[in-house]
Structures are given as C-alpha cells and as structure tokens.
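For the record, in the sequence shown the residue sitting at position 78 is 79 according to our numbering, with numbers rising by one throughout.
This report concerns only the one structure given below.
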Amino acid sequence: MDQPPKFSLFFLKESPHFEEGTILELEDSVVSAASLDATFGQKFNTIPDADHDIFGYRLPDRGDGIPGFIAKDDLIPCTPFAENIPPGRCPVKVTYQRVLSDADPLFDDNPNNIGIFGISIDQNLHWQKLVFPLPDKFPEIVSVTLKNTLKDFEVDSYESPSLEHLENGKAYCLHIGHVGPGFYEMDMRLGRGRFLRVRFIKFLPLEFTERYELLKEGTYTKPTFERPSESMPVNLIHSHADDLDLEFPIDMMNHALALATEWGENFRKPIDDRMRLKYPELTTDEIARLKKLADEAESYICHLAERELAGEIGEYDIAPLAKRRFPWIADSQLNRIKGIGMYWARK
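What follows is the structure in structure tokens.
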C-alpha cells in the first residue's frame, strides 16, 4: 500500500519570486528537476542533461501562479513551531487570475473581460477575505470551490453562494480567515463551462521568520521544552482513532456531520436514507444518535464563532477549542463549519 505523502516546513535561502527567509510547507520528497518535465521518461524529450543532476522539491506555485521546482540547496529545513499559527493573520498573495473553459482547454481570457477589475484582500480582527467586485448583470455564480493544491484536497465548496453588498455595489467574498498557510486554488463556476480560476498563497506571519536569521548565522538551538498537548493548535495534534473512546467510527461520525450540515437541496433534510447508502447496517436509533452528535458539534462551533465576533476569543482559538471538545471532527469539516459559523455570526 502506498504511504501517504509527508510534508515539512522549509526556509527559502533565495528565490526570484519570494523574499529570503520565507517559510513554505512542501512535500518532503526529493525529486530531480528533470522528473517534472512533461516529456520525462519518453524516448525523445527536450530535457537539458543538467536537470537530471539537480535535486529538490516540487513547488505548487512559484509565486506567479505557475507550478515549479526549487533546488534542495536553496532550502533550509525548518522544525515545526510549538506556538499557534493564527490563520487569519497569515499574509496573502494572489498569484494568478484567469477565465478558463471546460469546453475549450485553450480558452484563456482576462477577468477584466467579464467585468472583474482587480481582486482585493480585506482583513481585520474578525475576518480575512478575497473580494471580487462584480458589475451589474453579472451572471449567477453557480458554485465556488477552494482547493489546497499542495495536499490535493477540497477545503470549501459553496453552491449558489450569496453576494455581499459593499459601498460600490455587490461583490463575491471568499472568506479565508479559517484557512491556514499554504497554496490554494479557487474556481468560480459561471455556467456554460466557463469559470474564473484564482490561485493564492498564504504565508506564515512575519514573526515566524525570525528563526531564519539564527539558522543562517548558525546560532539557533532547538528549544528543550515541550508544549502541553492540550494547548497545541489543531494542525499540530496528531490523534489516532485507537486513542479515542468513541461511540461510532470516526469516518462514520464525520460522514453524518457532513450530511447534517449539507447545503443545497438537502439543507436540513433527514439524513437517514443518505447515511444508509454508505452504512446500510445502521438502525434508526443509531442514525438518530449520530445526527444528535453532529448537531451538538455544529452548534458548539457556531457558538464559538459568536464568541469570536463578541471579542471573547480570537478567531484562531475556535478550532483548538472545538477539537478539544469534539476530537473526532476532521479538520476539513471543522474549518468548513467554522467558516459558516463566522459568516452567519456577522449576518
């Protein structure tokens, strides 16, 4: 069985697209530069001989929206941080924005031609979002999906998303305050096979780069203390199913949570029939219990979102507090419901 990929943090020593000392999380698998060429392994290829001798890591986004490669010698391994990384304070850089088409792979248009002139980043103590000002009579947005391109998983998905009213008119706002540092790609579906694709990178806050200078000077020593696990952020906790005493399997509970909080045509509808499509052996009472657990988790996360809006806790406190009470929730589910809760808290 294939082992899941591992990921590690690295400092960049030099790069044409990033500042020295920038921290990036990359797949911890060394490859040759030649292996990333589309013609690699073919009898006739155009790969320079030198690329076979250069080793490094895949880069999901070079800083200009294009996947690339970075040599191993241009990186310094960075040990994980014990402190919490507040996702709402991670700087954001939009690297790519184009209108594409499912029907024609060669179709490539400027967003200006559909009335989108510039994408801004709006953030404060309570939210962080990409703002897309829309012209009058803009076509209905069919759906919006957000994907982590490094780890290849869907972070958020919205069907027929609502618009926000700004001073200069309507806009679609993609809330990303709950999304941690990494490489991301958003697709905004507009119908007739067309979609707006935007890529962006969220970086670690600047204070986390201070360790780079010490490493560069050779004066950094790894701390000897360990942070208590109960105070660690969600993305640094690695709980295993065997360690938890739960009523139901973790996958089953998360499936119930996904169905109970589903939007669209199944919004707030009973989950019994849909649960039995995957788990036909479940009884009516067991499904009712799973639904109750899902409702409790959703309600608690939404309550934390209301506390965040009231200033009682920070945005980055929501996930650790929710995970402490409901350790079985998958990170993707937690981030999705957190985003929904923060949205409704501000309505």
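Ideal placement from N, C-alpha and C gives every residue a C-beta, glycine not left out.
None of the values given here were measured: they were computed from a predicted structure.
Option in the options with minimal Cα separation from residue i
{"i": "Asp-273", "options": "Ile-117, Asp-137 and Thr-285", "result": "Thr-285"}
{"i": "Ile-191", "options": "Lys-324, Ile-117 and Ala-72", "result": "The sequence given here places Leu at residue 191; Ile does not occur at that position. Ranking the options by Cα distance to Leu-191, first place goes to Ile-117."}
{"i": "Phe-378", "options": "Gly-340, Asp-296 and Pro-5", "result": "The structure shown does not extend to residue 378, since the chain is modelled only from 2 to 348, so the question has no answer here."}
{"i": "Ile-338", "options": "Glu-307, Glu-168, Glu-248 and Asn-113", "result": "Glu-307"}
{"i": "Pro-87", "options": "Pro-5, Lys-203, Leu-247 and Ser-33", "result": "Lys-203"}
{"i": "Leu-215", "options": "Ser-30, Ser-16, Cys-79 and Asp-123", "result": "Cys-79"}
{"i": "Ile-24", "options": "Phe-56, Gly-64 and Val-32", "result": "Gly-64"}
{"i": "Asp-252", "options": "Met-276, Trp-264 and Lys-270", "result": "Met-276"}
{"i": "Glu-313", "options": "Ala-72, His-127 and Ser-16", "result": "His-127"}
{"i": "Asp-188", "options": "Ser-30, Lys-138 and Asp-157", "result": "Asp-157"}
{"i": "Gln-124", "options": "Ile-319, Met-343, Ile-177 and Asn-255", "result": "Ile-177"}
{"i": "Leu-13", "options": "Glu-299, Glu-263, Ser-161 and Lys-217", "result": "Lys-217"}
{"i": "Glu-20", "options": "Ile-115, Leu-205 and His-179", "result": "Leu-205"}
{"i": "Arg-347", "options": "Leu-278, Gly-183 and Glu-165", "result": "Glu-165"}
{"i": "Asn-113", "options": "Pro-136, Ser-16 and Ile-122", "result": "Pro-136"}
{"i": "Gly-265", "options": "Ala-257, Ser-161 and Pro-68", "result": "Ser-161"}
For residue j and residue i, the rounded distance between their alpha carbons
{"i": "Glu-28", "j": "Phe-70", "result": "12 Å"}
{"i": "Thr-96", "j": "Glu-186", "result": "10 Å"}
{"i": "Lys-152", "j": "Leu-283", "result": "32 Å"}
{"i": "Ala-259", "j": "Leu-294", "result": "12 Å"}
{"i": "Gly-181", "j": "Gly-89", "result": "8 Å"}
{"i": "Arg-325", "j": "Tyr-301", "result": "11 Å"}
{"i": "Gly-66", "j": "Lys-130", "result": "19 Å"}
{"i": "Trp-329", "j": "Gly-170", "result": "42 Å"}
{"i": "Phe-268", "j": "Lys-148", "result": "23 Å"}
{"i": "Ile-197", "j": "His-304", "result": "Checking the displayed sequence, the identity of residue 197 turns out to be Leu instead of Ile. If I take the Cα positions, the gap works out to 34 Å."}
{"i": "Arg-193", "j": "Tyr-159", "result": "18 Å"}
{"i": "Asn-336", "j": "Glu-316", "result": "11 Å"}
{"i": "His-18", "j": "Asp-62", "result": "10 Å"}
{"i": "Asp-332", "j": "Leu-207", "result": "25 Å"}
{"i": "Tyr-280", "j": "Arg-290", "result": "14 Å"}
{"i": "Phe-82", "j": "Gly-22", "result": "15 Å"}
{"i": "Thr-146", "j": "Glu-155", "result": "7 Å"}
{"i": "Tyr-58", "j": "Glu-168", "result": "44 Å"}
{"i": "Pro-106", "j": "Gln-98", "result": "16 Å"}
{"i": "Ser-102", "j": "Phe-139", "result": "17 Å"}
{"i": "Phe-209", "j": "Pro-92", "result": "12 Å"}
{"i": "Ala-72", "j": "Glu-26", "result": "15 Å"}
{"i": "Ser-163", "j": "Leu-60", "result": "33 Å"}
{"i": "Gly-340", "j": "Ala-311", "result": "16 Å"}
{"i": "Phe-361", "j": "Ala-298", "result": "No answer is possible for residue 361: it lies beyond the span of the chain, which begins at 2 and ends at 348."}
{"i": "Ala-323", "j": "Gln-334", "result": "11 Å"}
{"i": "Ile-120", "j": "Pro-321", "result": "31 Å"}
{"i": "Val-143", "j": "Leu-247", "result": "38 Å"}
{"i": "Glu-369", "j": "Phe-108", "result": "Here the chain covers residues 2 to 348 and nothing more, so residue 369 does not appear."}
{"i": "Leu-175", "j": "Met-343", "result": "12 Å"}
Enclosing beta strand (DSSP E) for residue i [first to last residue]
{"i": "Ser-9", "result": "8-13"}
{"i": "Arg-198", "result": "195-203"}
{"i": "Ile-142", "result": "Neither: Ile-142 is in no beta strand (DSSP E) and is coded neither H nor E."}
{"i": "His-256", "result": "Careful: His-256 lies outside any beta strand (DSSP E), inside the alpha helix (DSSP H) at 251-261."}
{"i": "Leu-101", "result": "93-102"}
{"i": "Leu-175", "result": "170-176"}
{"i": "Asp-29", "result": "Taken as a continuous stretch (DSSP letters only), Asp-29 belongs to no beta strand (DSSP E), as it is neither H nor E."}
{"i": "Arg-190", "result": "183-192"}
{"i": "Lys-130", "result": "129-134"}
{"i": "Ile-71", "result": "69-72"}
{"i": "Phe-353", "result": "The question about residue 353 has no answer here: the residues shown for the chain are numbered 2 through 348."}
Beta carbon proximity, residue i to chain B, threshold 8 Å
{"i": "Phe-108", "result": "Checking the listed chains, one finds no chain B in this structure; it contains a single protein chain."}
DSSP state of residue i mapped onto helix, strand, coil
{"i": "Arg-59", "result": "strand"}
{"i": "Ile-24", "result": "strand"}
{"i": "Pro-88", "result": "helix"}
{"i": "Pro-78", "result": "strand"}
{"i": "Asp-110", "result": "strand"}
{"i": "Glu-165", "result": "strand"}
{"i": "Leu-322", "result": "helix"}
{"i": "Asn-125", "result": "coil"}
{"i": "Lys-217", "result": "helix"}
{"i": "Thr-210", "result": "helix"}
{"i": "Pro-17", "result": "coil"}
Continuous alpha helix (DSSP H) stretch holding residue i: start and end
{"i": "Ser-300", "result": "285-310"}
{"i": "Leu-368", "result": "The displayed coordinates of the chain run from 2 to 348. Any statement about residue 368 would go beyond what the structure contains."}
{"i": "Asp-273", "result": "273-279"}
Contact belief for residue i with residue j at Cβ below 8 Å, rounded distance in angstroms
{"i": "Leu-76", "j": "Phe-11", "result": "4 Å"}
{"i": "Tyr-173", "j": "Phe-133", "result": "5 Å"}
{"i": "Ser-33", "j": "Ile-55", "result": "7 Å"}
{"i": "Arg-212", "j": "Val-100", "result": "Incorrect: roughly 41 Å between the Cβ atoms, too far for contact."}
Any non-hydrogen atom of the ligand COA within 7 Å of residue i CB
{"i": "Lys-293", "result": "Only the bare structure without any ligand can be found here, which leaves the ligand COA out of the picture."}
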